[in-house]
Structures are given as C-alpha cells and as structure tokens.
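Each protein sequence line maps, in turn, to chains G and D.
Going by my numbering, the first residue of the first sequence is number 1, and it counts up by one from there.
Going by my numbering, the first residue of the second sequence is number 1001, and it counts up by one from there.
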Amino acid sequence: MTTRRDLLKFATAAGAGAGLAALAGPRALGVRAQETPKAGGTLNVGVQGEVKVLDPNITTLAAYHSALRFTLFETLVEVDETAAYIPNLAESWQFAEDGLSLTVSLAKGVKFHNGKDFTSQDVAFTVKRLQDPALDSQWKPQVAAVTAVETPDDATAIFRFAAPTPAFLENLLNVQILTEQGIDQIDTHPIGTGPFEFVEWVLNDRITLKKFAGYRQQGLPYLDELVFRPILDADTRLTNIQAGSVGVVEQPSPKDAERIQADENLTLLVTPATSKYDNFQINCTNPATKNPKVRQALSFAVDRDTYVNDILYGFGKPAVGPFSESNWAYDAAVIEPYLTFDLDKAKQLLDEAGQEDGNRLKELEIMTPKGFDEIKSAAVLLQANLATIGVNASITELELAGWIDRLVTNPDYAITTDTYGYGDTDPATVLSRDNFAPDTNVHLFRNDEYKALVEKGATTIDQDERKQIYSQIQQLMMDQMPGFLIAHRSDLFVTRKTVHGFNPGPLIRHHYRKVWVD
Amino acid sequence: MGTYLARRLVGLVPVLLVISVVAFLTTDLVPGDAAGVLLGQNATPERAATVRKRLGLDQPLPIRYAKWMAQVAQGNLGRSILNQQAVVSLVGSALRVTLEQLVLSMRVAILIALPVGVVAAIRNGSWLDQMLMGMVLIGTSIPTFWLGLMLVYLFAVRWHILPPSGFTPLSEDLGQNLKNMILPSFALGVYLAGPLARFVRSSLIETMRQPYVVTARAKGLREGRVVRRHALKNALIPTVTFAGLQVGALIGGAIVTEMVFALPGMGSLALNGILNRDFPIIQGVVLTVAGGYVLINILIDVIYVMLDPRIKFAEAR
Chain G
1 MTTRRDLLKF
11 ATAAGAGAGL
21 AALAGPRALG
31 VRAQETPKAG
41 GTLNVGVQGE
51 VKVLDPNITT
61 LAAYHSALRF
71 TLFETLVEVD
81 ETAAYIPNLA
91 ESWQFAEDGL
101 SLTVSLAKGV
111 KFHNGKDFTS
121 QDVAFTVKRL
131 QDPALDSQWK
141 PQVAAVTAVE
151 TPDDATAIFR
161 FAAPTPAFLE
171 NLLNVQILTE
181 QGIDQIDTHP
191 IGTGPFEFVE
201 WVLNDRITLK
211 KFAGYRQQGL
221 PYLDELVFRP
231 ILDADTRLTN
241 IQAGSVGVVE
251 QPSPKDAERI
261 QADENLTLLV
271 TPATSKYDNF
281 QINCTNPATK
291 NPKVRQALSF
301 AVDRDTYVND
311 ILYGFGKPAV
321 GPFSESNWAY
331 DAAVIEPYLT
341 FDLDKAKQLL
351 DEAGQEDGNR
361 LKELEIMTPK
371 GFDEIKSAAV
381 LLQANLATIG
391 VNASITELEL
401 AGWIDRLVTN
411 PDYAITTDTY
421 GYGDTDPATV
431 LSRDNFAPDT
441 NVHLFRNDEY
451 KALVEKGATT
461 IDQDERKQIY
471 SQIQQLMMDQ
481 MPGFLIAHRS
491 DLFVTRKTVH
501 GFNPGPLIRH
511 HYRKVWVD
Chain D
1001 MGTYLARRLV
1011 GLVPVLLVIS
1021 VVAFLTTDLV
1031 PGDAAGVLLG
1041 QNATPERAAT
1051 VRKRLGLDQP
1061 LPIRYAKWMA
1071 QVAQGNLGRS
1081 ILNQQAVVSL
1091 VGSALRVTLE
1101 QLVLSMRVAI
1111 LIALPVGVVA
1121 AIRNGSWLDQ
1131 MLMGMVLIGT
1141 SIPTFWLGLM
1151 LVYLFAVRWH
1161 ILPPSGFTPL
1171 SEDLGQNLKN
1181 MILPSFALGV
1191 YLAGPLARFV
1201 RSSLIETMRQ
1211 PYVVTARAKG
1221 LREGRVVRRH
1231 ALKNALIPTV
1241 TFAGLQVGAL
1251 IGGAIVTEMV
1261 FALPGMGSLA
1271 LNGILNRDFP
1281 IIQGVVLTVA
1291 GGYVLINILI
1301 DVIYVMLDPR
1311 IKFAEAR
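Shown next, in the form of structure tokens:
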C-alpha cells in the first residue's frame, strides 16, 4: 500500500520539474497491463455538477467540460500527453512569417452528427458565432485576435490577425466547431463532429450519449453508450464507484486518496498541478484593500505549505503568481521571495499601510463560495493567521449565485477565496482569463502599464523577448498584488480497474473516444 | 361530500395564487440571478446585462410575473431559463420519483411506528416501553444523510445487494425500480418513524384511559380485542393528522436522501432551481408541492370520515 508520504512525493514530482517533462499526463498510481481494446458496452461516469446549458459557446462550467465539451464536439487542434499540439479536425497548419495569419488544412471525410460534411464554412461560422456581441460568449477571448476567417476552398481556412498571436493554437483548443445547420436547436439537441452524439438529458439524473456511427476515425469510439450522472456529494461519488455503479468519478475528496488506493478495484489518477489553481481574489477598489501593501500583507499571511500538505493532502504546489513552476514564463527570482509565509512581514506591511492611510486594517470580511471545502479551509487558515497580527477577520460563506453577485455583478467584496482553471499553459492565455484580463479582471485592478505589457506579451513572437515581458509582468503583479494564488492543484479521478484508456492529459481534457471497458 | 370537496378544491386557487406571488417575490429578493450563475466569474456587469437581456430577465418584475402567469393560465408552467426544458415535464418526472419515495417511506414509517407505538403504549412504563422509546430516540437522532451513507456502504459497497444510487422509472423495470428505492425509502422512513411511534404511543395511552375502554374491559373483552377494536381506531385519528402534516417534513428530508442517493426528484429539482435562480423551475416546484400539501390535507379529512362515523362533512350553506 502506498503511504501518504509516497503520495506527497508523487504529487510533488508530478508538479515540479521543468518544461514539458512536467506536463506528462496524469499518472495512475499503480501499474496497469496493456491489453487489446474491446468495443461495446456502456460507461457510467459520476460527475460533480450538473451542466446548465447544452451550448458549448456560452458556458465555461467545469461540469460541461467534464461531460460534453470533448465528447460531442471537436477542436481543430488537440494536445498529446506531453501537451504538444497534434492534428485533430485540422490536418496541418502554418503560421505566416509575419505572424499575421494562420492557414489550416482541414481533415476530409468528417461528418457532423446530422450527416452534414464538415467544411471550412463551419470554421468560419463558429468563429463568427463566438464573436457575435448578441451571444456574448465567454469564449470570445479565444478568437478576439481574429479579424477574418477566409475560406478559399472547403478544406482550407485562413485566420487573419491584426497583430501576431503566438498563443492562437492554444486558443483553438477551446473552440468547439459547430455547424450552422440545426444551430437553432443547440439548446435542446447539440450537434458536433465528436465521437459521441447526444441522446437525452434528464435534469439532475443523467446525460446520455451514444456512439456516433459516422465518426471520422474507424473503430472509434469503443463505447456504445456513455452516461454522465451528476453526483454532487464527494462521499456519494466514492461509494458509487466502490459499489461499481459508475466506472469513473471525478474530484474525489483528497482526504480519501489513501482509501481509494487501498481498494483493489480502483485506480487513482492524478493530473500534474500546473493549470488549475486555488486563489484569493482581492477587490482593489475596496477601502480596506486598496493599498497594495495591505494586499501583500494578506499574501504573506497565507500559510501555503500547510494548505498544500494538510488540506490538499499534497496534491498541489504552493503558488503566488499566475504561472506554475513548470511554465516557461515562470520567473523564480521574482516569485520565490513572495512564496514565504511570514507573519512578521505581514504585520509590518499592515503597519506601514496604516501610517500611509491613517487607518490600519483591523477588520476584514473573507468571502467564500459554498460547496468548495478546500478553499473554505484556506479562508479559515487565513482568518486564524490574521488574528495573530491584530486583524479580526470574519468569514462569509455564500452560495454560488449570491457569491457571484457580490464578486462581479455588484462587486462590494474585499477578499474572497476562489478556485479556477481552464487547462491553460501559454502565459498569454492564462492572462486573458477574467482573473487577470487587464480590462475585465475581477480584482477591478486597472493599470495602464500592466495592460500594455499583457498586450505586448500576447503579440510578440520572439520567445526570449516574451519571457522578459512576462518577468516584468510577474514583478508588477508582486508589487501590486491585485490578487494571489495559494496553490496550483492536481485534478483527481478515480476509475474502476475494468475501465481502460481514460486519460484527461496534462491540460485536463475529458476525452472518451479511446476508453473501453472489460 | 361532493360539494365539500368541490368547495375545498376551489379554495385551492387563491391559496396557490398567493403562494406563487410570494415565491416570485422572494426569488427576486435573493441576491444573484441566472445570468450571474451562467457566466460565473466572467460576469462583468456589462456581460450580465447582455445575458439578462437574452434570457428575458431585464424586464420589470410585474411583467415577468404576468408573462409567467399567462403561461400558467394555459396549463403550462413555462420553460427553464437556463436549459430551456419545459417545467411541466421537469416537474412531472421529478414528481414520480418523490411521490414514490414519499409513499414508500411513509409505509416504512408506519410499519415501524405502529407496532412499536402500540406495544410501548400497552406496556406503558415497563422496561420494554423504555427500551422501545430509547430506540425511537436513537432512530430520530440519526441524521438521514448519515444513515443513507451507512446503508449505501453496507448494502451496496460491502454486500453488493442493492444499487447505491440512481433511479429507474416504475414503468421501465419494476424490480430495478424497487431495488433503487428501498434504501432511500428506508432512510427517510426511519426519520419519520420516530416521531410517529411516539405519537401513536401517547395517543393510544390517552385513549386507553377513556371511559369506553374501561367499559369494554368491564364487558370482559380480551385485552387484544380492546386495543384493536376500541382503542387503536380512535387513537389513529390524531395520528393520521400528524402523519399528514409530516408530509411537509418528508419533502424536506427527501432533499437530503435525493442528494445521498442521487435521485432526480423534487428536492434535487428545487435545490438546483434555487441555486441557479431559475425562477420558472422554483415556481413550478413550489406550486406543485403547495398544491399537493393542500390536497393531502383534503384527503386526510376524507380519511377522518372513514375512521370515525361521527364526523360528517357540513353541507354548503
């Protein structure tokens, strides 16, 4: 049996290291023999949430990601187990030398679930739809750089940009290709080119998909039927996979990792801690937290090691800035001094800020969304530590709709815990999300220098130059501390030993086309 | 009786109307809306406004209520804001799960509570009474979610006798349906059995002190016959009222069992509707539950008449 110490070691190894080596896909803790895949059968998957809508363009919800994003739909490019780009609906691609266009050759013989052939028109349509102001897609940033999509023939699409966009392939990873035919029924019957087609959605019970007989890759998918069952409670998810009523579950509680490994029928999968993270959002316009020194003090008062070891049970890696250690843009010299847990320093910063503002921080409300046990513990840890340096913090736990209201729709919060992640790796993509986007970030942090740097980083092709820009950005973020990370964390999955080929990969993409069951 | 029932049913309309207004207003008062839920952290005020417009949430409250009411008048409860499914069919499929759970758990509760309550009442004050009441106390004190998890652990994980979760419609496979429903019904039934057993006991003790029971005994009837024929039937009248009122508590408890056993019932529907601020779903659930509650109370009135020939429905003046 693996001990908890081994688990910690593994998780550390998975999260550490440099470059793509660290991005190797999630590893099963336990050896599994290679066998010949078997076609047929049904797989039930226990997911932690219910999807809210069926349209991939308007939701960023994790539950959607788990169930539908990679089963019904496909993207032009994909990533392999080392996070390198590989062909998918695109057979090949070529950036122009000036970086102002990308020419994509599309795969042939691809059909949508309704029988329509996949052509470059569908690519153009998808981009146009994502850019449509009336739809106001949350995935609009993926195609924000695109000024036009040209379709010289059915098998070629040319993306034009106003400025070079080196992270565009990564952007394409989240552009699920749709077709105009039947788009008005996307809310009830979504259609894509993916290996599975939609059958039915029984709210709070199941989403059923079946094998798409016309799938472009012969023999795939292996499964005849794929059923996603929302099981909201982590304990219930675990008992269900122990009893065998589901074959895969996501997000078991980290505290159960040892028990899962002790079960001879189960396998624990751990993704590298690189792209998902737990963090504190700070409102930079709130009188309590508008002074950067206060925000730095709050960061120094967070005990990241205790959080990772005792709350995440080692399945994470302490972090403060936006990039994980394995990211090429990570600047250790800038970041490391801010990773320390230092209450003296925090106290000193608060005193200094108090002298400047004439008002030392004494009271603080920490918000936390309901249903996320780990980050709530982060709030409790911070509360306890702040008490020792003379700050009386209270914790307000809000259910999601109320929390979002106070966080973004009518922002009046001071600081809140959060958990986030899209599987991004390119720093330009990481910074395009709403925690960091210069114009729309939830911290209400608006800084011209920051904005200029982020834009420059996203449009510069030379890698060394980019690295320098991102070092500057990290320094600026540490100085201003508009919000900060607590840890990058691993995603955990449990599969039954009868389930083979499930591998969400380093960017945590829930593919099921090569999954088969005994 | 026909007039009485008709009058009660007509009386249902204003009740439901008031409830629908209250539910609508409270849903609106709670901070946050479906646009925010859909957008998540990406909900800048501007984006939220666009989505609100797309979902029709930007209109003033009275207009939204009027639009919803117009649909209700056509016998249609509208569509979910988020997933566009018809609320009537959502409520319909959730209702069959919850109704079955209520019926089965009520049955479990009665099967436990009746014998326990009767024995405890007859042996009032004895060690048996104390032991049974002690067990009842334990049964009442066990949290439903914990009992549910323990049942799952034992029957599903350990012994592989019953499935840990899920629902199969009655019409599809009766055997599988019952297998799915046994554990949740038992967990919920135990929750109700405790208070019900106590009620049966105290009500029966009370009845046993009535003069007609003394008379029955004086006639030389055997104790069993006295209890069965004379006391129990009368003791059951308040018990039936109590059990009827407990339906509300059972629906509350069903939210917990539906969570533990991942059942797609009214509890899950209501909970998700509230968390998502999906007001047509909330309205649909509230109206159905409130209507059902009133109907059950009418049914209880009917049962009274069957239990006690002295009670009659007053004719309309």
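Where is the CB? At the ideal position from N, CA and C, for every residue including glycine.
Can you look up residue i in the DSSP assignment and give me helix, strand or coil?
i: G/Ser105; result: strand
i: G/Arg295; result: helix
i: D/Tyr1304; result: helix
i: D/Met1131; result: helix
i: G/Glu325; result: coil
i: G/Leu23; result: Note that G/Leu23 scores 45 on pLDDT, short of 50, meaning its location in the model is unreliable; the coordinates nonetheless yield the value given after this. Helix at G/Leu23.
i: G/Lys210; result: strand
i: G/His511; result: coil
i: G/Lys317; result: strand
i: G/Trp93; result: strand
i: G/Val31; result: The predicted model places G/Val31 with a pLDDT of 45, which falls under 50 and marks its position as unreliable; any figure quoted below should be read in that light. Correct three-state label for G/Val31: coil.
i: G/Ala11; result: Reliability fails at G/Ala11, whose pLDDT of 37 lies under 50, so the model's placement of it is uncertain and no value is given.
i: D/Lys1312; result: coil
i: G/Thr440; result: coil
i: G/Asp342; result: coil
i: D/Asn1042; result: helix
i: D/Phe1199; result: helix
Residue j and residue i - do their beta-carbons sit closer together than 8 Å?
i: G/Gly423; j: G/Gln281; result: no
i: D/Ala1197; j: D/Val1247; result: no
i: D/Val1097; j: D/Asn1276; result: no
i: G/Thr119; j: G/Ile158; result: no
i: G/Asn279; j: G/Glu50; result: no
i: G/Trp516; j: G/Tyr215; result: no
i: G/Phe161; j: G/Thr147; result: yes
i: D/Val1087; j: D/Gly1291; result: no
i: D/Thr1257; j: D/Phe1199; result: no
i: G/Leu492; j: G/Ala273; result: no
i: G/Leu339; j: G/Ala297; result: no
i: G/Ile260; j: G/Leu269; result: no
i: D/Leu1102; j: D/Leu1250; result: yes
i: D/Arg1201; j: D/Ala1120; result: yes
i: G/Tyr307; j: G/Ala378; result: yes
So the candidates are the options; which of them puts its Cα closest to the Cα of residue i?
i: G/Gln138; options: D/Asn1083, D/Ala1006, D/Asn1124 and D/Thr1050; result: D/Thr1050
i: G/Thr179; options: G/Gln217, G/Asn171, G/Gly115 and G/Asp351; result: G/Gly115
i: G/Phe212; options: G/Val517, G/Asp518 and G/Tyr512; result: G/Tyr512
i: G/Asn240; options: D/Ile1251, D/Val1226 and D/Ala1262; result: D/Ala1262
i: G/Tyr413; options: G/Asp434, G/Val442, G/Tyr420 and G/Phe196; result: G/Val442
i: G/Ala96; options: G/Tyr64, G/Asp136 and G/Ala163; result: G/Ala163
i: G/Ala67; options: G/Val79, G/Leu54 and G/Val77; result: G/Leu54
i: D/Lys1233; options: D/Met1306, D/Asp1173 and D/Ala1073; result: D/Met1306
i: G/Pro287; options: G/Leu268, G/Ala346, G/Lys456 and G/Ala353; result: G/Ala353
i: D/Leu1192; options: D/Gln1176, D/Ala1254, D/Ile1281 and D/Ala1218; result: D/Ala1254
i: G/Thr36; options: G/His500, G/Leu507, G/Arg509 and G/Pro506; result: G/His500
i: G/Glu397; options: G/Ala384, G/Asn410, G/Ile415 and G/Ser324; result: G/Ile415
Which chain A residues sit within Cβ distance under 8 Å of residue i?
i: D/Leu1082; result: The structure shown contains no chain A; its protein chains are G and D.
Review point. Given 8 Å as the limit, is there contact between the segment 415-435 of chain G and the segment 1293-1307 of chain D, that is, 3 or more CB pairs closer than that?
Key: no
**Study point:** chain G contacts from the segment 1039-1056 of chain D (Cβ-Cβ distance under 8 Å)
**Key:** Leu1039, Gly1040, Gln1041, Asn1042, Ala1043, Thr1044, Pro1045, Arg1047, Ala1048, Thr1050, Val1051 and Arg1054
Point to revise | Near-chain G residues of the segment 1015-1040 of chain D - C-beta to any C-beta below 9 Å | key: Within the segment 1015-1040 of chain D, the qualifying residues are Val1030, Pro1031, Gly1032, Asp1033, Ala1034, Ala1035, Gly1036, Val1037, Leu1038, Leu1039 and Gly1040.
Review point. Should the segment 387-403 of chain G be regarded as contacting the segment 361-377 of chain G, the criterion being three or more beta carbon pairs within less than 8 Å?
Key: yes
Practice item. Taking 8 Å as the threshold, find out whether the segment 231-249 of chain G comes into contact with the segment 1152-1164 of chain D through three or more Cβ pairs. Key: These segments touch.
Practice item. May I ask you to verify whether the segment 1207-1221 of chain D touches the segment 1171-1187 of chain D, counting CB pairs closer than 8 Å and requiring at least 3? Key: no
Check your understanding: Using 8 Å as the threshold, is the segment 306-320 of chain G in touch with the segment 331-348 of chain G, meaning 3 or more CB pairs across them?
Key -> yes
Review point. Are the segment 53-72 of chain G and the segment 145-156 of chain G touching by the rule of at least three beta carbon pairs closer than 8 Å?
Key: no
**Study point:** Interface residues of the segment 1146-1180 of chain D facing chain G [CB-CB below 8 Å]
**Key:** Result list: Leu1149, Val1152, Tyr1153, Ala1156, Val1157, His1160, Pro1163, Pro1164, Ser1165, Gly1166 and Phe1167.
Point to revise | Residues of the segment 1258-1271 of chain D with Cβ closer than 7 Å to any Cβ of chain G, in chain order | key: Met1259, Val1260, Ala1262, Pro1264, Ser1268 and Leu1269
Point to revise | Contacting positions in the segment 401-424 of chain G - beta carbon closer than 9 Å to chain D | key: Ala401, Gly402, Trp403, Ile404, Asp405, Arg406, Leu407, Val408, Thr409, Asn410, Pro411, Asp418 and Tyr420
Practice item. Count the C-beta pairs between the segment 398-407 of chain G and the segment 1027-1042 of chain D that are closer than 8 Å, then say yes if the count reaches three, no if not. Key: yes
Check your understanding: Given a limit of 9 Å on CB to CB distance, which residues of the segment 180-208 of chain G reach chain D?
Key -> Asp187, Thr188, Trp201, Val202, Leu203, Asn204, Asp205 and Arg206
**Study point:** Members of the segment 216-239 of chain G that neighbour chain D once the beta carbon cut-off is set at 8 Å
**Key:** Arg229, Pro230, Ile231, Leu232, Asp233, Asp235, Thr236 and Thr239
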